[in-house]
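J.: Numbering (our numbering), first residue to last: -3 to 57.
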């Protein structure tokens, strides 16, 4: 079973800000998260992997 995670948990695991994930979703770099009944973003392990993969494509200066 896939573990469900909050945006804060995903951001900490990837090493970025939750705001960065939201920005990437808005511009279409990563797929939009599912929402729970409260409207909070919910991620699973597949979503985490996708965000990690995109993060690895970014060149840091």
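Beta carbons are placed, not taken as given, at the ideal position from N, Cα and C, and that holds for glycine.
Here the structure is a predicted model, which means the values were calculated and not measured.
(1) In whole angstroms, give me the CA-to-CA distance for residue 40 and residue 11.
(2) Considering just the uninterrupted stretch of the alpha helix (DSSP H) at residue 20, what are its terminal residues?
(3) Using 10 angstroms around the beta-carbon of residue 43, count the other beta-carbons present and answer buried if the total reaches 16, otherwise exposed.
(4) Which residues bound the alpha helix (DSSP H) around residue 48?
(5) May I have the straight-line CA-CA distance separating residue 9 from residue -2, to the nearest angstrom?
(6) Roughly how many whole angstroms lie between the Cα atoms of residue 3 and residue 24?
T.: Judging by the given coordinates:
(1) 17 Å
(2) 14 to 23
(3) buried
(4) 41 to 52
(5) 16 Å
(6) 17 Å
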